[in-house]
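In full-length UniProt numbering, the protein residues as written are 1 to 226.
Heads up, the thing below is written out as structure tokens.
Below you can see the structure in the form of structure tokens.
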């Protein structure tokens, strides 16, 4: 882990000790995967976050600009309201309408990026990032230090109808949290590792995977808007 991530992790630990923040971010399912299954989404789900925001802006992904470890799109980080206005004024972001923001999120999903809602110590939501495990600060910390408590799972968990699964391993390649493995020609699912991001749902060629409301105890209440 590089020095930047070590300092960031120390900051999170300070917040956690002071009980000022429960997690650094929360996984948000991709909207189209849930809508196709006709689920009613809570207001923190990705499209509603964008739809209800007073101001939305997009800026380059800080993590991919810093690490340059992949070819995933850069302009996918969405900012909301006061944060959006501040970054627009500084020339660090540009304002976007709902339709463009929705297309940005769809493109991020096609690239296999995980939607993470970010909020500060006061739990005010300020950004929605689309993250890759090779560059994202939070996902790197999970991968390198095993600190899974820093990211809260969504309200959903993936459910696979094994009779419809053709064991093509598409979902295994898309899962960044290690919830799916391919062994002896078969897909193996570990539900305890699933964060409910929905990436496996949108890539399944047979529609064998859906998102179901999770019965796991939620350690975090929905992040409030600032």
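Beta carbons: idealized from backbone N, C-alpha and C, even for Gly.
> Opposite residue 228 in the DSSP bridges: which residues?
Replying inline: A query on residue 228 cannot be resolved here, the shown segment of the chain reaching from 1 to 226 and no further.
> What separation, rounded to the nearest whole angstrom, lies between the Cα atoms of residue 86 and residue 119?
Replying inline: 16 Å
> For residue 125, does the three-state DSSP call read helix, strand or coil?
Replying inline: strand
> Using the beta-carbon count (16 or more within 10 Å), is residue 180 buried or exposed?
Replying inline: buried
> In chain order, what residues of the same chain lie with their CB nearer than 6 Å to the CB of residue 75, ignoring the 5 residues before and after it?
Replying inline: 58, 60
> Between residue 82 and residue 102, what straight-line distance do the alpha-carbon atoms span, to the nearest angstrom?
Replying inline: 20 Å
>> Counting beta carbon pairs with one atom in the stretch 133-143 and one in the stretch 198-207, are three or more of them shorter than 8 Å?
In response: no
> Roughly how many angstroms separate the alpha carbons of residue 32 and residue 107, rounded to a whole number?
Replying inline: Residue placement at residue 32 cannot be trusted, given a pLDDT of 47 that sits under 50; the coordinates are not used to answer.
>> Within 10 Å of its beta-carbon, does residue 206 have 16 or more other beta-carbons around it, so buried, or fewer, so exposed?
In response: exposed
>> Buried or exposed for residue 184, going by 16 or more other Cβ atoms inside 10 Å?
In response: exposed
> In terms of DSSP beta bridges, what is residue 180 paired with?
Replying inline: 189
> Going along the chain, which residues of its own chain have a beta-carbon closer than 7 Å to the beta-carbon of residue 160, five neighbours each way excluded?
Replying inline: 189, 208, 209
>> Please list the terminal residues of the continuous alpha helix (DSSP H) segment that includes residue 74.
In response: Here residue 74 belongs to no alpha helix (DSSP H), and DSSP marks it neither H nor E.
> So the alpha helix (DSSP H) residue 206 belongs to, where does it begin and stop?
Replying inline: From DSSP, residue 206 is part of no alpha helix (DSSP H); its letter is neither H nor E.
>> Quick check: what's the CA-CA separation for residue 214 versus residue 72?
In response: 30 Å
> So who's on the other strand from residue 213, going by DSSP bridges?
Replying inline: 156
> For residue 65 and chain C, any beta-carbon pair shorter than 7 Å?
Replying inline: Any reference to chain C falls outside this structure, which holds one protein chain only.
> Since residue 135 and residue 77 are thought to touch, with beta carbons under 8 Å apart, how far apart are those beta carbons, to the nearest angstrom?
Replying inline: Going by Cβ atoms, the distance from residue 135 to residue 77 rounds to 12 Å, so no, they are not a contact pair.
> Out of curiosity, what's the CA-to-CA distance linking residue 187 and residue 151?
Replying inline: 25 Å
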